[in-house]
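Trainee: Got a structure for you, written out below as structure tokens; questions coming shortly.
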Amino acid sequence: MNERDLERARQERLKLLREIEGLLSFITDPVLVVDAKGYIVHTNSSAEQIFERSQIIMIGKHVTEFVQSASLLQYIKQGKPATNLAVCIMSAKGTRLEFSCRLHPLLVNAQVEGAILFLTKPILLQEQEQSSRYGTRFSLDDVIGSSPAITALKEQVMKIAKSESTVLIRGESGTGKEVLAQSIHRLSHRNKGPFVAINCAAIPEALLESELFGYEEGAFTGAKKGGKPGRFELARGGTLFLDEIGDMPLYLQAKLLRVLQERRIERVGGTKSIEVDVRIIAATHKDLESMIANNQFREDLYFRLNVIPLYVPPLRERKEDLYELIQYYMYKFCKRLGKEPKRFSSQALKKIFDYHWPGNIRELENMVEYIVNLEIGDLVTISSLPASIREMSKDQRHDMEEEMKEPQTVSHLPKSLYKINEVEEQLIIQALQRFGTSTEGKRKAAEALGISLATLYRKLEKMKRRR
């Protein structure tokens with residue numbers, strides 16, 4: 005673009021902003037206007053009241069300082085509209101409110117220039133109680149991360165949620181398979197019906213059949229008078245989540261296969277055929293293909309379940325999401341325990357990024373909760389971390405040493421270290437965008453990052469060389 009085109013685009017942006025400012029004064033709901041990077045450029049008086057902060061304080065700050073949502077920033081940057089995005093806001097007095105957010109992207113010549121956020125009425129307590137009664141606590145906003153793998157997974161969930169087909173979720177323990185299952189239910193046509201979960205590995209084999217299919221009175225010693233409905237009946241009109249399906253005994257696999265084919269069940273000890281109206285979502289961390297080869301899992305059931313396969317990657321395969329996850333859980337536990345959020349030293353972050361995370365998100369969540377409880381200062385250092393993360397195993401250390409012996413060109417750097425550099429660069433860029441590139445701005449940026457001004461200059465020089 006030449007100078008004339010740039011000036012024309014600038015004038016169009018200014019004209020758009022002036023028009024928006026005029027319109028906002030007539031809107032009674034809280035409204036925020038943000039630029040393409042998520043920084044607030046305008047608010048209306050209703051937003052000042054609900055956030056208990058003046059427009060002067062809010063303008064120039066990043067929207068995530070005031071509005072909490074796992075996918076909000078993604079919608080803003082991609083210029084995507086949203087009609088009913090669940091968000092949490094925190095007032096200056098510490099009051100937490102849940103709102104429904106309508107997001108309208110601002111486009112100039114097909115370029116994303118920002119977005120308008122309309123914060124409509126708070127989510128009613130009645131709706132929250134209803135959601136709790138149906139057994140769903142999570143939505144797609146609770147699938148944290150913006151890595152390519154997680155972005156693709158979220159898009160896949162949105163595509164298949166309205167379907168009635170069976171879903172099989174694969175992934176290691178602690179990756180968040182049930183969060184994904186609940187997200188599918190919440191986005192489906194069955195979201196007014198119940199979400200009923202059963203862990204096939206947690207229930208003794210002798211009880212699993214009656215828990216799934218229910219039983220009639222007198223079916224066995226100790227059976228309740230009048231019998232009891234099973235999970236299939238309780239999930240009528242909704243979703244049945246069969247967690248750890250790989251642990252289901254073979255004789256029950258045959259019965260489940262028949263139910264999937266006929267959509268009818270019989271209670272234990274009964275003869276009456278009962279029609280069931282449920283969508284099945286199954287999950288496992290096991291290698292079902294190997295189990296089929298060893299006659300431990302039925303191949304015909306596998307094909308019935310694996311209509312729509314979803315794979316949840318382990319944390320070690322999406323380490324670019326680590327910082328976002330840490331921020332999410334830091335906010336969660338600091339709010340719960342009434343503490344101020346803490347910053348991480350670069351050495352502590354390196355340890356976290358080097359760690360292989362065998363327990364995945366569950367282990368990361370535990371780490372953050374541990375830190376919030378035990379660290380009394382506002383800076384998290386290596387000594388603040390749990391011993392399992394602080395001290396690499398001999399095998400890990402050996403692998404790292406072997407990797408470091410290779411020629412140290414950029415392409416041969418250890419992958420974990422390379423991603424740490426990327427994360428560090430992003431943090432520095434964000435800090436400079438917020439505080440500016442003047443000497444005073446860099447001083448404030450260094451302070452916010454928890455490093456000295458001299459260290460910031462050294463890191464900027466390294467960034468320049470890497471580019």
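Going by this note's numbering, the sequence shown opens with residue 5, and the numbers climb by one from there.
Using N, Cα and C, we set each Cβ at its ideal position, and we do this for glycine too.
Note that the structure is a prediction, hence the values are computed from the model and not measured.
(1) Looking only at its chain, what residues have a beta carbon closer than 6 Å to the beta carbon of Ala449, apart from the 5 residues adjacent to it on each side?
(2) Between which two residues does the alpha helix (DSSP H) carrying Leu212 extend?
(3) Whole beta strand (DSSP E) runs in the region 19-99 with 3 or more residues, listed along the chain?
(4) With distances taken between CB atoms, is the gap from Val147 to Gly180 smaller than 8 Å?
(5) Rounded C-beta distance between Lys355 and Leu383? I'm assuming under 8 Å.
(6) Excluding the 5 residues flanking Ile330 on each side, which residues of the same chain have their C-beta closer than 8 Å to its C-beta?
(7) In this structure, how does DSSP classify Gln115 when only helix, strand and coil are distinguished?
(8) Which value, in whole angstroms, describes the spacing of the CA atoms of Val280 and Phe236?
(9) Where in the region 137-221 do unbroken runs of the alpha helix (DSSP H), each at least 4 residues long, occur, reported from the N-terminal end onward?
(10) Helix, strand or coil for Ser104 per DSSP?
(11) Counting only runs of 4+ residues fully inside the region 308-390, write out the alpha helix (DSSP H) ranges in chain order.
(12) For Ala286, which option in Ser187, Glu182 and Ala258 has the closest C-alpha, if you only look at C-alpha atoms?
(13) When you compare the region 290-310 with the region 181-195, are there three or more beta-carbon pairs, one atom per stretch, that lie closer than 8 Å?
(14) When the Cα atoms are used, what is the spatial distance from Lys339 to Leu378?
(15) Applying the criterion that 16 or more other CB atoms from any shown protein chain within 10 Å of the CB defines a buried residue, is Tyr333 buried or exposed?
(16) With H, G and I counted as helix, E and B as strand and the rest as coil, what does DSSP make of Asp304?
(17) The beta strand (DSSP E) with Ile296 in it runs from where to where?
(18) For Ile432, I'd like the list of residues in its chain whose CB is within less than 8 Å of its CB, leaving aside the five on either flank, ordered along the chain.
(19) For Arg267, which residues of its own chain have a beta-carbon under 7 Å away from its beta-carbon, when the five flanking residues on both sides are left out?
(20) Assuming the contact rule is C-beta atoms closer than 8 Å, Asn48 and Ile63 should be a hit. Round their C-beta distance to whole Å, please.
(21) Quick test of your reading: Leu121 and Leu107, contact by CB under 8 Å. State the CB separation rounded to the nearest angstrom.
(22) Decide if Gly178 is buried, meaning its Cβ has at least 16 other Cβ atoms within 10 Å, or exposed.
(23) Check Val280 in the structure and name its three-state DSSP category.
(24) Which ranges does the beta strand (DSSP E) cover as unbroken runs of at least 3 residues, wholly within the region 224-265, from first to last along the chain?
(25) Indicate the three-state DSSP secondary structure (helix, strand or coil) for Ile455 in the structure shown.
(26) Please report the straight-line C-alpha distance between Lys65 and His46, rounded to a whole angstrom.
Mentor: Answer, in terms of the structure:
(1) Ala435, Leu436 and Phe439
(2) Glu209 to Phe217
(3) 35-39, 44-47 and 86-94
(4) yes
(5) Cβ atoms of Lys355 and Leu383 stay farther apart than 8 Å, at about 14 Å.
(6) Phe348, Ile356, Leu368 and Val372
(7) Residue state, collapsed to three classes: strand.
(8) 7 Å
(9) 152-164, 181-191 and 209-217
(10) strand
(11) As far as the region 308-390 is concerned, its whole alpha helix (DSSP H) runs of at least 4 residues are 326-341, 350-358 and 364-378.
(12) Glu182
(13) no
(14) 15 Å
(15) Burial call: buried.
(16) helix
(17) Counting along the chain, Ile296 falls outside any beta strand (DSSP E), though it belongs to the alpha helix (DSSP H) covering Leu292 to Ala297.
(18) Correct list, in chain order: Ala449, Leu453, Leu460, Lys463, Leu464 and Met467.
(19) Glu279 and Val280
(20) That belief does not hold up - the Cβ atoms of Asn48 and Ile63 are roughly 12 Å apart, past 8 Å.
(21) 6 Å
(22) buried
(23) coil
(24) 243-247
(25) Residue state, collapsed to three classes: coil.
(26) 11 Å
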